[in-house]
Ligand SMILES: Nc1ncnc2c1ncn2[C@@H]1O[C@H](COP(=O)(O)OP(=O)(O)OP(=O)(O)O)[C@@H](O)[C@H]1O
Ligand SMILES: Nc1ncnc2c1ncn2[C@@H]1O[C@H](COP(=O)(O)OP(=O)(O)OP(=O)(O)O)[C@@H](O)[C@H]1O
Ligand SMILES: CC(C)C[C@H](N)C(=O)O
Ligand SMILES: [Mg+2]
Ligand SMILES: [Mg+2]
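Chains as they are written, first to last, in the working numbering: chain A, 1 to 427; chain B, 428 to 695; chain C, 696 to 992; chain D, 993 to 1254; chain E, 1255 to 1597.
Below, the structure is given as structure tokens:
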């Protein structure tokens, strides 16, 4: 039996750095599982890639090309645009869509988006996580009162997504927020940083993507804003974002859901089991353990574990997409399990449910010292409780607009045989 | 001929200069209906400029114009066609990529009435108009014996034929006044004779008044009722061919060498 | 001076200096336009290719001067190849055809660049630090000053070159009417390879300066977007125009973003420069110093 | 460089040319121009004169045309592959049909451009400029004006002047008299004939006004529908009455041997 | 800018008509039967949408000779207009929605066209970039346009006309095909109408056109309107029938260039040019990469493959232009003429 992962990767074009790292790590982990355990309970893992160059229409083309392959476990595009274009399609085809650390916030509500999983961290949780972190730096949420935070965001749907939630949290905690847009691609930010210079904020949150990030750091230096007071979001947290900025990036802090570095057992196994046998996917070994690579590995862990969990219920065979969906909805990895997976310290834990497709991912913060990232905070909990109502408001609105009736998760859990029913439909 | 109200074109004291350079100054010119009026003169005398001013492409600084009974200081070029004026250009101004037929048809742009929707939906009005216009175009094409080039892109025709297509485009609208800027440049004697034939015929059939700029003095003498001679932007003479041929000023300024090369061509 | 005034000055200065960076890219376009009358779609690709080649050589351990020399050599080869393989066969074709051809060239260069040097993001350190120094409360970046100086130098050289050789004349003749130029015995192959090499070198300079700020990566090719409004404003075929317009666009766009942005919403930088350029064109359809098209009947 | 044994400076043999791979413009042209000769090329519209002259200067590729067969020899060397600029430097200079001035360049710049091809030094250029202005006084007033703005005739003068700036050995003119006042035409021919006598300039002239051509040419070649149909001394041609017929020509020349698909 | 490229008139007609009928027969009769969902969803639908956009731009650039780099903006206007119409006027039948969207795009086109009364060539082209970037900015900024969806990305409504749904691969294809066919007929009638002739006249010689009585300003703006109308509807297809989501990024400058290049490589001033061009710029790359995968196997590094394919495509473009500067349409005609015996 085989379980197949179609990959809409991007290895050329403006965002190639992210694509090669993430998909590299993902593939490396799948390779490891095959070579080490002969697949998941004997079910071999297979995959193939289609180049999207991060363009939506290319992503769709790849989807249409690969969707008819047998035994698809899940889709993992690393692009908000492509993910949006797929939601209708995967829902119709009954295959899970994994948008780790990104994607559509309200798809966290599994009752409305049964097949979409913004695992670990949706944009709102990210925002909350960042605010919590700043609070710890100031010494308590109450200390945020009266502070000014400038948010520098990419002029794209992705960039804009967190505008309302920042406003909300600002009101809630009594700090002042100034949101400044950087027009795509963001290779020139003189005026934005001059504005910041005039605002004299206490912190600048960088919600960037691609080339916008190094330019931001360089320009910050040019206008005399200290890097240590800039906090990057989850797509501004990679080596590729800081290295081009050179010294300007020293002291820069960024949020992450997974620590970087190679010291974690699972990464070590990849080095030994995969790279030393020449099966590694990264062209440049130096990038092993980099942020995107580790994110890819983590993404691999989550996908594989979902399959494993689903297999416990449906049997050790090639599963249908809907069965894997069930697996994701029961993806519970506590710290003990994480340690067993050799990922202790790489990431904290996840706890996905039918209603919560994000899974309460914890975040930590890492600081760039000019050569490498080092963790500078412990695992922080975003304020999920505060966010949930906003998310449900949005998802219910969507359900209404689309005439969908939200699932009744409690009932499903009680019956507990949704899996079988779904899988029956699946066939 | 007597200049007067039946003049279709009257130019009074028209002057134009570019920066310092005078293109022409204080030009008086009158063209009667059905008259063929030649304008000759050395290179750079201001002939084309004068025509450009009459057709609204240049804005004269002084003087006034009358076309039919409409008076202007500066003729609005876009109203030219509806004033019944058509022209050809010294350096070809054809629609190169259009076929010969379409070039000729475009000469009817001004009398185009059917609206866009009518054209798109092919309403009877539009269709009737189309067929009628095509007939007119074809008759001109036959008249100028361009039939066998009908379908060819005008730009790929040899120079001489392109000149002829331009004439066709100008004639198709049955203009009251036709301005020809060196229509026979670059033609063999035979072809010139042919063109002369067309010009005369056009005048006979349509009663069109024609202003003709031409350097082939033989042709000019044969075709024109009256001739105006420009030199350095001034009008140095107006008169019948004979008067002009005899005029010493003209000979000095323009005709030059007693035996001018084209005399033999005239014989042909 | 008062903080507000100081800030205004800072914005203007910052704008002017950014403008220089735009002009740097624009000049590459101007050179090609001068001789072919077309917008060179491949300019961005050339910027990327030049910078990528340079850093990759550095990273493979070549010393700075050697890497620079090698990259120059490569750009020369590129220029010659384009002339031989693309321009010569397309002589006297309508500009729009040449324009399309430059797309083909762009594809090839882009592909080749990433194929040869990979798609990683490279840091590029020219050894000029980007820390600002304070002039009467106004921050000025050393790096920008250096860039400005370099741009100035380049413009000066090119202008002199056109002034004191007759190449300028030949260039305009070729752009005006390739057939007549051929017929007059002008050596089009030589002229074309000359400008493409020149624009390759300009691309290298632009690539290095921008690359030092952006990092050398694919997005480097997007800097051309900043050059386009500069081109229209300055005139596609005027080197001086490029520099002057660069300054204007830089300053205008910063002022707009900083002072207008808050009212009509941020991110207006993306288009405000075009609108400004457009407004100006309506007054002078061929840019500040562009060659007017001469037509009479 | 020398001319061919038989003293021919230019020799065209069985030349065939097509446009756009389809339009047959020349279908067999033979032509010899000897050192120091004036040869007239006469033929009706579309006979192929311009095409032939373009072929000789190797300009066909630039007008979507190509040579299908035959050979062209200049000064004893086959030049059907030689680049135009090389030909110009070798003294084979042409004047294009329809002026082709550089419109945005001033008259003077146009003339200078003619000298650049040959790579003349400043001194030469200045001398030649004065000489050309002497030939065409009219241009002196216009030297600073963009060539696109001057009158048709003035443009024609500029085009011819530009060619002369190349100090040609063989000058190839396509309809030099087009659009020129009789006086100027006569003047130009006088100049050309003088150059021919004094400097031994060889001339190949395509002319529509046959009279003019025959008056000055030592020999003439007649083209008809892309074929060189006859060839001889001026007066022999004038004597022949089929040439007399040719004066009047066929009423409309057949188009090139190519049909519309539609 | 003057493009001395022949237009339809100088091209074969009767054979053309027959060919078109044949094509339609295949497109409607054969393809829906044999086509796979991949063919419909990933190749034909985007092909049709972009071919339509090319068709629209061709009216402007190919026929009227006005260069525009704003096409993507007009696609966006069309798409967002259609989205908002269907959102805010739920009763409105789809065809009406599309028509109105086209008209809105057309009016945007007229405004964008005003500079054309004064500017030429690349100056005009680059000025149209103002539109391109302004529209992108506005769509991104004005939340109302995307129904205040937090991310600014919106999902397109379903394709239902008079109760019958086109909401599957084949349906969307047939839907697009029909719209494209209708608009192509419209365009075809236009270019053969006197108005179409006037467009070309203005392109070839504006002064002469004015002298013979062509209303130059009016005609230029008309060209912009008609072009944008079609391009706008192409945008609707792109968003509703192909991607089924609408996001500003999809209508960026690259798209504008892509459409312009479709028109140029296909053949300016020819209707079939738009389709040939779209085939070349949209379908060919897919075929190339499929070919590559077929040759080198699934495992082969897709990045490398992509770059090789880039190089090949670029080389092909140059090769085609050298072989025939007037583009694919002319190339075909030439081949056609070769085959058909000389009468
Ligand atoms: N660029 C071109 N494309 C296609 N056909 C052409 C082209 N130029 C000329 N022809 C054709 O080649 C044939 C010869 O034309 P050519 O211009 O050489 O004749 P010509 O003797 O110079 O005529 P004219 O005396 O009018 O200048 C004609 O049938 C013409 O239609
Ligand atoms: N647009 C213009 N700008 C500047 N000067 C001009 C312009 N148009 C014409 N001239 C000048 O005006 C004078 C008259 O030009 P025009 O073309 O009328 O002469 P012409 O009589 O037609 O000569 P030809 O017989 O050679 O055509 C010329 O010297 C020309 O240089
Ligand atoms: C890789 C990503 C999901 C984030 C990226 N900025 C986007 O817009 O999609
Ligand atoms: Mg004149
Ligand atoms: Mg000729």
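A virtual CB, placed ideally from N, CA and C, is assigned to each residue, including glycine. Because the structure is a prediction, the values reported are computed rather than measured.
- Look at residue 1148 of chain D: its beta carbon is at least 8 Å from all of the heavy atoms in ligand 1.
- Judged by beta-carbon spacing, residue 29 of chain A lies within the 9 Å limit of residue 297 of chain A, meaning their Cβ atoms are closer than that value.
- Distance between residue 140 of chain A and residue 256 of chain A, taken at the CA atoms: about 21 Å.
- Closest option to residue 248 of chain A, judged by alpha-carbon separation, among A:264, A:262, A:268 and A:227: A:227.
- The C-beta of residue 378 of chain A has fewer than 16 other C-beta atoms within 10 Å across all chains shown, which makes the residue exposed.
- Chain E places a beta carbon closer than 9 Å to that of residue 537 of chain B, counting this residue as a contact.
- Residue environment: residue 768 of chain C is assigned as exposed (fewer than 16 neighbouring CB atoms within 10 Å of its CB, all protein chains considered).
- Rounded to the nearest whole angstrom, the CA to CA distance from residue 485 of chain B to residue 1177 of chain D is 28 Å.
- Along the length of the segment 919-988 of chain C, whole alpha helix (DSSP H) runs at least 4 residues long occupy 919-929, 934-950, 956-959 and 964-978, reported in chain order.
- For residue 124 of chain A against residue 391 of chain A, the beta-carbon gap comes to about 7 Å, under 8 Å, which counts as contact.
- At a C-beta separation below 8 Å, residue 1105 of chain D has these neighbours in chain C: 864, 865, 868, 876, 879 and 881.
- For residue 576 of chain B, the three-state secondary structure derived from DSSP is helix.
- Excluding residues up to 5 positions away in sequence, 586 and 587 lie with their Cβ nearer than 7 Å to the Cβ of residue 613 of chain B in the same chain.
- In this structure the segment 131-150 of chain A touches the segment 191-210 of chain A; the number of beta carbon pairs closer than 8 Å is three or more.
- For residue 625 of chain B, the uninterrupted alpha helix (DSSP H) run begins and ends at 616-633, by DSSP.
- For residue 288 of chain A and residue 253 of chain A, the gap between their C-alpha atoms comes out near 21 Å.
- Sorted by position in the chain, B:585, B:586, D:1041, D:1042, D:1089, D:1166, D:1167 and D:1198 make up the residues whose C-beta lies under 7 Å from a heavy atom of ligand 5.
- For residue 1377 of chain E, the closest Cβ of chain C is nearer than 9 Å.
- Legend: CB atoms of the segment 495-527 of chain B lying less than 8 Å from CB atoms of chain C belong to residues 516, 517, 518 and 520.
- Close to chain D, meaning a Cβ-Cβ distance shorter than 7 Å, are the following residues of the segment 449-473 of chain B: 469, 470 and 471.
- For residue 834 of chain C, same chain residues with a beta-carbon under 6 Å away, outside a window of 5 residues either side, are 827 in chain order.
- Bounds of any beta strand (DSSP E) do not take in residue 1029 of chain D, whose DSSP letter is neither H nor E.
- For residue 532 of chain B, at least one C-beta of chain E is nearer than 9 Å to its own C-beta.
- In this structure, ligand 4 has no non-hydrogen atom nearer than 8 Å to the beta-carbon of residue 652 of chain B.
- Beta-bridge partners assigned by DSSP to residue 1224 of chain D: D:1212.
- Residue 148 of chain A is bridged by DSSP to A:176.
- Residues of the segment 940-968 of chain C whose Cβ lies closer than 9 Å to any Cβ of chain A, in chain order: 945, 948, 949, 950, 951, 952, 953, 956, 957, 960, 961, 962, 963, 964, 965 and 966.
- Counting only runs that start and end inside the segment 1311-1398 of chain E, the alpha helix (DSSP H) elements of at least 4 residues fall at 1325-1342, 1348-1367 and 1375-1395.
- Residues of the same chain with a CB within less than 7 Å of the CB of residue 540 of chain B, apart from the 5 flanking positions on each side, are 556 in chain order.
- Taken through DSSP and simplified to helix, strand or coil, residue 89 of chain A comes out as helix.
- Excluding five sequence positions before and after residue 1360 of chain E, the CB atoms of its chain that fall closer than 6 Å to its own CB belong to 1479, 1482 and 1483, given in chain order.
- Set against 8 Å, the gap from the CB of residue 582 of chain B to the closest heavy atom of ligand 4 is not smaller.
- Every residue with a CB closer than 5 Å to a heavy atom of ligand 2 is listed here in chain order: B:445, B:450, B:470, B:471, B:472, B:473, B:474, B:475, B:476, C:991, D:1141, D:1142, D:1143, D:1144 and D:1145.
- Between residue 1344 of chain E and the set E:1570, E:1413, E:1283 and E:1394, the nearest pair of CA atoms involves E:1413.
- Minimum Cα-Cα distance from residue 1509 of chain E among the listed residues E:1303, E:1295, E:1275 and E:1294 corresponds to E:1303.
- If you ignore the 5 residues before and after residue 1137 of chain D, its C-beta comes within less than 7 Å of the C-beta of 1098 and 1099, all in its own chain and listed in chain order.
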